[in-house]
Amino acid sequence: MNYQELLHSPIIPSQIVPLTQKAAHNNVPIFIQGERGTKKELIAKIIHYAGDWKYYRFYKIDCKIQTEDSFNEQLIRISKENSLGSIPATVYLKEVGDLGQFNQSKLLDLVEDGFFQNGAEKKIIKNLRFISSSSENLKEKITQGKFSEDLYHRLNTLSVLIPPLRDRAKEISKIAQYILEEYSKKMKINKVVISNNVLKLLQNYWWPGNLRELEQVIIRSAIFSEGGNLMEKDLLFETENENNSFIAFLKKSGVKPSEFKPPNLPHEQDTSTLSLFIIELVHRIKNPLVSVKTFTQLLREKFNDVEFREHFYRIVSEDIDKIDSVLNGLLSYIKINTPLEKRNTVHFILEEVLNKHETQLEDKKIKIFKKFEKDLPETIVNDEQLRYILNGLLQYAIPSIPPSGSIGFLTKSFDLPAQTADDKKFYVEDGRQIEILIVFTGYKKPVEQFETVLGIPAVQKEEAIELELRLIKEIIQKNSGMMKFEVNEKKPRTLISLKFPIERRKLIYYQPVNV
């Protein structure tokens, strides 16, 4: 790569060129400030390779991922290759603001005195030139106590401020065309001309991702464009979620993409509509795969190029994410548009509650018996209330069951007998109910006069009933249900019967969209 030519290319803001040239011919510490995507690393490489140090080593340390150990290992490696200063080198500290306090202290010693502490040993490193960069405001981090003020001043002898792309709107036309020309040489992309309408859109967008975002939009659009001109429609070649600011901007500007809208498929949908849907889906998955294939074909001849390798990893990772996003969107669409009939809710909640109390049951070696009616109808009691009722009754029952005792659960549905005057308040229109029977060894008699299964009031002591049991009774009665107790002190055994009206409507639900 010819860094001297690159310095005078449209990529580099013209106002920082003189300062970058001066920095290239000095070995003072240089600090590069700019938003993410403004090509700070590229400026660091230009300073190194377009100046007096171009024949020396260029070490890059990504501070964002450095632990104390890994940072120490990086410095040890530089120390070994530096040979006490006989081999000069540039050390580029990417996102230096992300260094931890310990690493900041170690770096300050190195910048000030040319050594770093490795355990009990002092390692000398001389003849280093430091270039650091940050997309954050380090002065704010200093105020917050997150960055060393001494280190900041040591690294900031010469400062290069890269303007964001939104402040270079008049240059975007030249930048975009330059990107196309360069990548058409490197990656065999068709050389196309950017239409005036596209240029206006590019100039009016605010580019939060700066040059990196512009580069991705231009390259991918060019790959999938047809003909010799890059048109508005080519900017919308891929499926994007609504959070993508560039796609949102295009839509707001009146550009109409071929939106990915799966059609509503009724039960009697004609096959042509379904075919169009499948074709669109394949198209949306295939586009990123073409991009992956394009880059993969260049691996053999380009993989030793560090810049290409990093770009390859970024593009491929993003395209894989696009494919994953499309497939997740399809699954979400299927879920939210495919109603499922609600079935077996009582049994599901009962199993859930039993699992919650599994430890208590195992500790007392309590045996569990179940006899569930197949396809038990749904009840009018909502899920949360039913869960509260069953959980409360199990909390009531377990302390009463002796070690090695047992508890059983039976469910069934039945038609109500002829209505009596006493049953009027529990009457339901279709005359069907479900019953949940809970039987366990041992007993603990509630104080209120609950009617027993056999219709005989249970003998009870004069003591206050637990508040939770009272609440359970109220919930059941509000749902037109009944709760009955039968206590047999001789066996001993307790039986609890819960009866609820059957839900007459067909209940459906939609799956959550999280995949």
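With the numbering used here as the guide, the letters of the sequence shown map in order to residues 1 to 515.
From the three backbone atoms N, C-alpha and C, an ideal C-beta is built for every residue, glycine too.
What are the boundary residues of the alpha helix (DSSP H) that residue i is part of?
{"i": "Q216", "result": "210-224"}
{"i": "D52", "result": "Premise fails: D52 is in no alpha helix (DSSP H) and is neither H nor E."}
{"i": "K185", "result": "172-186"}
{"i": "K141", "result": "138-143"}
{"i": "V111", "result": "101-113"}
{"i": "R468", "result": "Looking at the sequence shown, residue 468 is not Arg but Glu. Segment 467-478, the alpha helix (DSSP H) holding E468."}
{"i": "Q360", "result": "358-363"}
Looking only at its chain, what residues have a beta carbon closer than 8 angstroms to the beta carbon of residue i, apart from the 5 residues adjacent to it on each side?
{"i": "E149", "result": "I142"}
{"i": "I78", "result": "Y59, A89, V91, I125, L128"}
{"i": "H8", "result": "V17"}
Measuring straight from C-alpha to C-alpha, what distance separates residue i and residue j?
{"i": "E474", "j": "D363", "result": "32 angstroms"}
{"i": "I502", "j": "L416", "result": "11 angstroms"}
{"i": "N156", "j": "G114", "result": "17 angstroms"}
{"i": "L19", "j": "V160", "result": "7 angstroms"}
{"i": "Y92", "j": "P208", "result": "24 angstroms"}
{"i": "N243", "j": "Q203", "result": "Low local confidence applies: a pLDDT of 47 at N243 is under 50, so the model's placement there is unreliable, and no value is given."}
{"i": "D52", "j": "K174", "result": "29 angstroms"}
{"i": "I389", "j": "L471", "result": "9 angstroms"}
{"i": "V28", "j": "R129", "result": "7 angstroms"}
{"i": "V17", "j": "H25", "result": "13 angstroms"}
{"i": "I11", "j": "I125", "result": "35 angstroms"}
{"i": "I496", "j": "A397", "result": "10 angstroms"}
{"i": "K45", "j": "R314", "result": "19 angstroms"}
{"i": "Q15", "j": "Y178", "result": "18 angstroms"}
{"i": "T345", "j": "E352", "result": "10 angstroms"}
{"i": "A176", "j": "M1", "result": "19 angstroms"}
{"i": "E171", "j": "D321", "result": "31 angstroms"}
{"i": "V316", "j": "G34", "result": "26 angstroms"}
{"i": "I65", "j": "A120", "result": "25 angstroms"}
{"i": "S384", "j": "N488", "result": "The identity of residue 384 in the sequence shown is Glu, whereas the question assumes Ser. Rounded to whole angstroms, E384 to N488 spans 31 angstroms at the Cα level."}
{"i": "E318", "j": "I476", "result": "54 angstroms"}
{"i": "Q104", "j": "L393", "result": "60 angstroms"}
{"i": "V439", "j": "R343", "result": "25 angstroms"}
{"i": "E213", "j": "Y183", "result": "15 angstroms"}
{"i": "Q74", "j": "Q144", "result": "28 angstroms"}
{"i": "K185", "j": "D109", "result": "45 angstroms"}
{"i": "S413", "j": "N391", "result": "21 angstroms"}
{"i": "L199", "j": "I218", "result": "11 angstroms"}
Can you list, in chain order, the residues of its chain with a C-beta nearer than 6 angstroms to that of residue i? Leave out the 5 residues immediately preceding and following it.
{"i": "R57", "result": "A89"}
{"i": "L138", "result": "G97, F147, Y152"}
{"i": "F31", "result": "S132, L155, N156, S159"}
{"i": "R387", "result": "I349"}
{"i": "F372", "result": "H347, T411"}
{"i": "L498", "result": "I436, M483"}
{"i": "S225", "result": "V192, D234"}
{"i": "H357", "result": "L394"}
{"i": "G408", "result": "F369, V439"}
Three-state secondary structure (DSSP) at residue i?
{"i": "N82", "result": "helix"}
{"i": "L416", "result": "coil"}
{"i": "L394", "result": "helix"}
{"i": "T157", "result": "coil"}
{"i": "V193", "result": "strand"}
{"i": "I496", "result": "strand"}
{"i": "L19", "result": "helix"}
{"i": "Y343", "result": "In the sequence as presented, Tyr is not what sits at residue 343; that position holds Arg. DSSP places R343 in coil when its eight states are reduced to three."}
{"i": "R504", "result": "coil"}
{"i": "N26", "result": "coil"}
{"i": "N72", "result": "helix"}
{"i": "V447", "result": "Unreliable positioning characterises V447 in this predicted model, as indicated by a pLDDT of 47, which lies under 50. The coordinate reading is nonetheless provided below. V447: coil per DSSP, three-state reduction."}
{"i": "K409", "result": "Reading off the sequence shown, one finds Phe at residue 409, where the question assumed Lys. Looking at F409 - three-state DSSP - the assignment turns out to be strand."}
{"i": "F348", "result": "helix"}
{"i": "V381", "result": "coil"}
Taking 7 angstroms as the limit between beta carbons, can you name the residues of its chain near residue i, skipping five residues before and five after?
{"i": "G442", "result": "S400, I401, P402, G405, P492, T494"}
{"i": "K60", "result": "Y92, K94"}
{"i": "A222", "result": "L180, I189, N190, V192, L230"}
{"i": "P13", "result": "I162, P163, R168"}
{"i": "Q4", "result": "A50"}
{"i": "F500", "result": "T379, I380, V381, Q433, I434, N479, G481"}
{"i": "E136", "result": "G97"}
{"i": "I366", "result": "I401, G405, S406, I407"}
{"i": "C63", "result": "L93, K94, E95, V96, D98, L99"}
Starting from residue i, trace the beta strand (DSSP E) in both directions and tell me its first and last residue.
{"i": "L437", "result": "432-441"}
{"i": "K484", "result": "482-488"}
{"i": "Q4", "result": "Where Q4 is concerned, there is no enclosing beta strand (DSSP E), although the alpha helix (DSSP H) it sits in stretches over 3-7."}
{"i": "S133", "result": "128-134"}
{"i": "E121", "result": "121-124"}
{"i": "F369", "result": "367-371"}
Residue i CB to nearest chain D CB: under 8 angstroms?
{"i": "G227", "result": "No chain D appears in the structure shown, which is made up of a single protein chain."}
**Prompt:** At a cut of 8 angstroms, does the stretch 26-43 reach the stretch 65-76 through at least three beta carbon pairs?
**Reply:** no
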